[in-house]
Ligand code: HEA
Ligand code: HEA
Ligand code: CUA
Ligand SMILES: [Cu+2]
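Chains as they are written, first to last, in this note's numbering: chain A, 1 to 213; chain B, 214 to 564; chain C, 565 to 1123.
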């Protein structure tokens, strides 16, 4: 397949190679930012867990392991797909790549749906952030409010990241379909995929925090 | 020492730790002044000495030597570390209360200090202590973070809700030392003041027996007859000041933390629970002794109880003062903007 | 990342202009100001120079606003009780003053304006790595600033710029809106930092090795690292305060087991490094200006460059020195104290290197250098009082008093703002192609210095005497010093307003500057003033050291 529009570097770059290098580096720096963003939340979590080990244990036990673990699987699979997609694009298989990216976005949506189901369950049980809801009338441990606040805060923030990641991949998908993204500048898809991996990795850390342990 | 304090505008050192801390203070500030002046003067001197003579003048490269750099770094670092070693040791001393300190409990809230002594006595905004004995304060807050600060003692400690912090000091000289709140805690942060009254052994023993005894010249307000022919209303004013009622109440019709006393007496009060009562003597006294019994609508329950604090004479002087204000003129000119009031009165309620 | 050229005028390949026999006489080419003058072309520009100018104008406006609040604060303190405003208004004003000065002015000040303008030229690039991201970052900044200012309209915010819970969780003022504004500005900071890091790594022209970068680039690079690593932490805690206050989630509410001191740790984990975000770029300006007017190589290039990185990294380990009396353990406090001493040594290295750069130079005393002298004195004074504060027993007395207020104004105003003004005078000819009036420049520099000193020196004494900060009412014995301070602030304001006036005047009537009025060697001076759209029409030989004053410039202009 040949691109319908010739792909040239942006005018302030000498060549595509340098541009790709810049884009990749930019994404890694951005990842560092993201890691520290969640790092702050993890620090909060760790401190409160030390202060209220019992309440945090109770909270974790209350969560549905099955749904959480299912979601982990969904994200891991999606990451594999998008990585394969990058390889396909580099090898020039545009069609394959576009299908793989579509599947990745689909899995992202599945993740969000499962997460939504979980939230729904919590609300039904009377668990809201900040220790509001009737569940807390029956469970008095100090620190439970903190656990659920962090749970909702961190997973919601992660869900926002999944949404953003899906949008980014969507934009890249449309570029592929319109022939603006191909073998020569496959680094763009690569950069998008790196972001998706990050979203995945963050979940890998959230999962034991809120479901196992 | 006194000259040093005068130059640095430091208050006199009332506590046992103050002298040493002030010496370190003098040391670091002197070095600071010397070094900054030295840098400035050197730069100016180089500028004069190596003034540019012609427009396109060229220069030779001059670079630092390894040795010079190393000496500089080691020199500066050792100066800094010296300060740190002295400072850290003093810090540890300031933080660790000595064995056998006398304990006073401190309860901070917007915007007052409450002290509870071991013998069950309580007081507001005035902490009475003996000189020459270490006092340990065990402090907590009922609402937001405050900070207990006595400049004269060079001590300060944040007071946190939900946990206890401690602070200790030993006063050297009898006297009164102001307490200021040093952590921003809302509108009246700057009015959250109090004082430490340090008494010599005899005075302290007397205080233990009799409770708060105002300095002889201000004996007024202790009840009928305590100060010659001063009217009871005047005494009421004095008491209101001494007992810090005016920290929250105004006499001129302006709304503050608490309702104004102007035209209060005899009026109909709407309470938070919807009841309506006439503000008679009984109501006024109850408001002082059990403020939570009748909370006025639009205000928060922040007024402390004065049961056991106000003497009978003081109470009657206060009631007389409030009675005298029943025909006070309407508030003049400025009233605080509306937002002010909502913010002030909503400031402390948890959602 | 764009693959489609955005600007209509594609530049000729650089090789073409290098061709032998190219006309030695500069051909008139439109400058970056002249290529397209519609409003739209400015607001949607991706040219780093134009974005720098946009930032500069915006930041001068926010600074004037912050300064307006500062003057009001000072006037209020003419008397011990209410002078012009009520307690609540005062509390809102110092909060807004702090928030505006820190996030809307000082943090972006030098990196976003001068950094954007000169950094790409200094590395020999045509633009930053991600020009569209750069524009986005500007507009995010504007959006965040508007939110902060909107919050003023609907009740302000009265928590102090540190937003300590639980007060900030229950304050009835517009806390969520203001904090969201700051949160959004954080994105802009991160994107700008990211852009500079990538630009420095990947856009350097041939011949511009790391050791040939102007020192300004090093300091912006170090700043960017802090911006990228520290800002997200602030973002996270601010979000939790927003939901605490707005939705009552109570993560820091002690009644529900929350821990307000934890907030302080996270806040200062950002905000202490942030003070180096504020001062490092200023240090970069000092390095440039000193070398340029001394016309000499820096006394030790490597020491200055590496100490920037040292500050950036060790600066992450000292946050606890803001919390000596907040109830931390003695051991933690000691560790934070000693680490603060370490980070101070890097600043000391720089100070002595700048001073000794003047030695055996050919020093011309111009306005920017005058500002640098002010910087040297005030920054050293302010910095050393910082070290004094880190000597922990003294902090117990000084914490949250005017001594601290004086400490940080000495560094932020006496240091960074002065460096900002130095940079403004230094690069103004490059940006606008015109000179500012030198005499007036000197006069206003003197006014600023004198006014500053009179404003803030008395505050050290106030702090010693025990005057707590954020006090609306104060005990009458402090009045004299407060009055002196207030009068000083008027002199300071007069100096700044004079500056504003002659800059406006010079825009139109200043003498034409020529490409290199100072005879500097670093690369931004090797092109026309104002520079053409793609910075260099013909690329300078970047093999020459940017501080090589041992030989005449081979060819003055590469335009
Ligand atoms: C960048 C940071 C910065 C800057 C520049 C300033 C500048 C000034 N600050 Fe401020 N200040 C803070 C950061 C800053 N401040 C912070 C963070 C706090 C703590 C807030 C808190 O407690 O939460 C604080 C608090 C603070 C207080 C303590 C309030 C209190 O605790 O009660 C005071 C009181 O005097 C004060 C005064 C001043 C003054 C007089 C200036 C002057 O230097 C201002 C001079 C400027 C002007 C007068 C503007 C005039 C300019 C123009 C008209 C246009 C200029 C145009 C061109 C040059 C082209 N500041
Ligand atoms: C640009 C901003 C900036 C910078 C660069 C600094 C730099 C430093 N600061 Fe400051 N600081 C603030 C802004 C800044 N600070 C602000 C805004 C606050 C208040 C926040 C608030 O509560 O609102 C604050 C508060 C603050 C505190 C807490 C005070 C308190 O609230 O109780 C402390 C405590 O240690 C501190 C220390 C330091 C130190 C050690 C440095 C060092 O990095 C300084 C290093 C520099 C030098 C040391 C000068 C050069 C040295 C020489 C020339 C050496 C020669 C020496 C010898 C030969 C001995 N600062
Ligand atoms: Cu209590 Cu400030
Ligand atoms: Cu700090």
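Glycine residues also receive a C-beta, built at the ideal position from the N, C-alpha and C atoms.
Per the DSSP calculation, residue 264 of chain B is bridged to which residue(s)? Here residue 264 of chain B is taken as the residue at index 51 of the second chain, counted from 1. C:927.
If we count Cβ pairs, one from each stretch, closer than 8 Å, do we get three or more for the stretch 70-84 of chain A versus the stretch 131-148 of chain A? no
Under 7 Å by beta carbon: chain C residues contacting residue 18 of chain A: Translated into positions along the first chain, residue 18 of chain A becomes position 18. Within chain C, the residues near residue 18 of chain A are 766.
Spatial distance of residue 662 of chain C from residue 715 of chain C (CA atoms): The residue labelled residue 662 of chain C in the question sits at position 98 within the third chain. The residue labelled residue 715 of chain C in the question sits at position 151 within the third chain. Approximately 14 Å, taken between the alpha carbons.
What are the start and end residues of the beta strand (DSSP E) that includes residue 1059 of chain C? By 1-based counting over the third chain, the position of residue 1059 of chain C is 495. From DSSP, residue 1059 of chain C is part of no beta strand (DSSP E) but of the alpha helix (DSSP H) over 1043-1073.
For residue 721 of chain C versus residue 742 of chain C, is the C-beta spacing smaller than 8 Å? In the third chain, residue 721 of chain C corresponds to position 157, counting from 1. In the third chain, residue 742 of chain C corresponds to position 178, counting from 1. Contact flag set, yes.
Report the option in C:937, C:1058 and C:1088 whose CA atom is closest to the CA atom of residue 259 of chain B. Reading the second chain from its first residue, position 46 is the one you call residue 259 of chain B. Per the Cα distances, C:937.
Should the stretch 678-695 of chain C be called in touch with the stretch 860-875 of chain C, which here means at least 3 C-beta pairs below 8 Å? no
For residue 15 of chain A, does the count of other Cβ atoms within 10 angstroms reach 16, so buried, or fall short, so exposed? Position 15 of the first chain, counted from the first residue, corresponds to residue 15 of chain A. It is exposed - the Cβ of residue 15 of chain A has fewer than 16 other Cβ atoms within 10 Å.
Return the first residue and the last residue of the beta strand (DSSP E) that residue 1090 of chain C is part of. Residue mapping note: residue 1090 of chain C aligns to position 526 of the third chain, counting from 1. It is not in any beta strand (DSSP E) - residue 1090 of chain C carries neither H nor E in the DSSP assignment.
Would you tell me roughly how many angstroms separate the C-alpha atoms of residue 793 of chain C and residue 36 of chain A, rounded to the nearest one? Here residue 793 of chain C is taken as the residue at index 229 of the third chain, counted from 1. Here residue 36 of chain A is taken as the residue at index 36 of the first chain, counted from 1. Computed Cα separation, rounded: 6 Å.
Determine the closest residue to residue 594 of chain C out of C:1000, C:1108 and C:1101, with distance taken between C-alpha atoms. On the third chain, residue 594 of chain C is found 30 positions in, with the first residue counted as 1. Nearest C-alpha to residue 594 of chain C: C:1101.
So residue 1097 of chain C contacts chain A; which residues on that side make the cut at Cβ distance below 8 Å? Start at 1 with the first residue of the third chain, and residue 1097 of chain C comes out as number 533. In chain order: nothing, as chain A lies at least about 10 Å away.
For residue 399 of chain B, decide whether its Cβ has a neighbour in chain C, counting only Cβ atoms nearer than 8 Å. By one-based count along the second chain, residue 399 of chain B stands at place 186. Cβ-Cβ to chain C under 8 Å: yes for residue 399 of chain B.
On the DSSP letters alone, give me the boundaries of the beta strand (DSSP E) that residue 341 of chain B sits inside. Translated into the one-based positions of the second chain, residue 341 of chain B becomes position 128. Unbroken beta strand (DSSP E) run through residue 341 of chain B: 339-343.
Buried or exposed for residue 1072 of chain C, please, with buried defined as at least 16 other CB atoms from any protein chain shown within 10 angstroms of its CB. To locate residue 1072 of chain C, count along the third chain from 1; it is residue 508. Result: exposed.
May I have the straight-line CA-CA distance separating residue 163 of chain A from residue 799 of chain C, to the nearest angstrom? Position 163 of the first chain, counting from 1, holds the residue named residue 163 of chain A. Position 235 of the third chain, counting from 1, holds the residue named residue 799 of chain C. Distance between the alpha carbons of residue 163 of chain A and residue 799 of chain C: 19 Å.
Is the beta carbon of residue 825 of chain C less than 8 Å from the beta carbon of residue 688 of chain C? For the purposes of this step, residue 825 of chain C is taken as residue 261 along the third chain, with counting starting at 1. For the purposes of this step, residue 688 of chain C is taken as residue 124 along the third chain, with counting starting at 1. Not in contact: residue 825 of chain C and residue 688 of chain C (Cβ atoms no closer than 8 Å).
Assigned secondary structure, residue 491 of chain B (DSSP; H/G/I helix, E/B strand, else coil): Looking up residue 491 of chain B in the second chain gives position 278. Residue state, collapsed to three classes: strand.
Quick check: the Cα distance between residue 180 of chain A and residue 195 of chain A, rounded to an integer number of angstroms? Looking up residue 180 of chain A in the first chain gives position 180. Looking up residue 195 of chain A in the first chain gives position 195. Residue 180 of chain A and residue 195 of chain A: Cα-Cα distance of roughly 20 Å.
How far does the beta strand (DSSP E) with residue 973 of chain C in it extend, from its first residue to its last? Here residue 973 of chain C refers to the residue found at position 409 of the third chain. Here residue 973 of chain C belongs to no beta strand (DSSP E); instead the alpha helix (DSSP H) covers 966-973.
Compare the C-beta of residue 307 of chain B with all C-beta atoms of chain C and state if any pair is closer than 8 Å. Numbered from 1 along the second chain, position 94 holds the residue referred to as residue 307 of chain B. Answer yes: the Cβ-Cβ gap between residue 307 of chain B and chain C drops below 8 Å somewhere.
At a threshold of 7 Å, does residue 882 of chain C count as lining ligand 4 (C-beta to nearest heavy atom)? Indexing the third chain from 1 puts residue 882 of chain C at position 318. Correct: residue 882 of chain C has its Cβ closer than 7 Å to ligand 4.
Of all Cβ atoms in chain C, is any one closer than 8 Å to the Cβ of residue 242 of chain B? The residue given as residue 242 of chain B occupies position 29 in the second chain. It does; some Cβ of chain C falls within 8 Å.
CA-CA distance, residue 893 of chain C and residue 304 of chain B? Locating residue 893 of chain C in the third chain gives position 329, where the first residue counts as 1. Locating residue 304 of chain B in the second chain gives position 91, where the first residue counts as 1. For residue 893 of chain C and residue 304 of chain B, the distance between alpha carbons rounds to 11 Å.
State whether the stretch 902-916 of chain C contacts the stretch 198-213 of chain A, with contact taken as three or more CB pairs (one from each stretch) at a distance under 8 Å. The stretch 902-916 of chain C is not in contact with the stretch 198-213 of chain A.
Neighbouring residues, chain C, relative to residue 142 of chain A (Cβ below 7 Å): For the purposes of this step, residue 142 of chain A is taken as residue 142 along the first chain, with counting starting at 1. Here the neighbours are 821.
For residue 915 of chain C, would you say it is in contact with chain B, using Cβ-to-Cβ distances shorter than 8 Å as the test? On the third chain, residue 915 of chain C is found 351 positions in, with the first residue counted as 1. Taking Cβ atoms only, chain B reaches closer than 8 Å to residue 915 of chain C, which makes this a yes.
Can you list, in chain order, the stretches of the beta strand (DSSP E) that have 3 or more residues and sit fully within the stretch 752-825 of chain C? none
Tell me the residue span of the beta strand (DSSP E) that contains residue 407 of chain B. Numbered from 1 along the second chain, position 194 holds the residue referred to as residue 407 of chain B. It spans 406-412 - the beta strand (DSSP E) in which residue 407 of chain B sits, taken as one unbroken run.
Around ligand 5, Cβ to any heavy atom closer than 6 Å, ordered along the chain: Inclusion of ligand 5 in the displayed structure is not the case, the ligand content consisting of ligand 1, ligand 2, ligand 3 and ligand 4 alone.
Going straight from the alpha carbon of residue 435 of chain B to that of residue 527 of chain B, what length do you get? Translated into positions along the second chain, residue 435 of chain B becomes position 222. Translated into positions along the second chain, residue 527 of chain B becomes position 314. With a pLDDT of 48 at residue 435 of chain B, under the threshold of 50, the modelled position of that residue is not reliable, and the figure given next carries that caveat. Straight-line Cα distance between these residues: approximately 6 Å.
Using a cut-off of 7 Å between C-beta atoms, extract the partners of residue 994 of chain C located in chain A. Translated into positions along the third chain, residue 994 of chain C becomes position 430. Within chain A, no residue comes near residue 994 of chain C; the closest Cβ sits about 20 Å away, beyond 7 Å.
Run through DSSP, which three-state label would residue 357 of chain B get? As a working note, residue 357 of chain B is residue 144 in the second chain. If DSSP states are grouped into helix, strand and coil, residue 357 of chain B belongs with coil.
Presumed contact (8 Å Cβ cut-off) between residue 626 of chain C and residue 597 of chain C, rounded CB distance: The residue labelled residue 626 of chain C in the question sits at position 62 within the third chain. The residue labelled residue 597 of chain C in the question sits at position 33 within the third chain. The C-beta distance from residue 626 of chain C to residue 597 of chain C rounds to 23 Å, too long to meet the 8 Å contact threshold.
With three or more beta-carbon pairs closer than 8 Å as the criterion, would you say the stretch 1006-1018 of chain C touches the stretch 599-607 of chain C? Contact annotation: the stretch 1006-1018 of chain C does not touch the stretch 599-607 of chain C, with fewer than three C-beta pairs closer than 8 Å.
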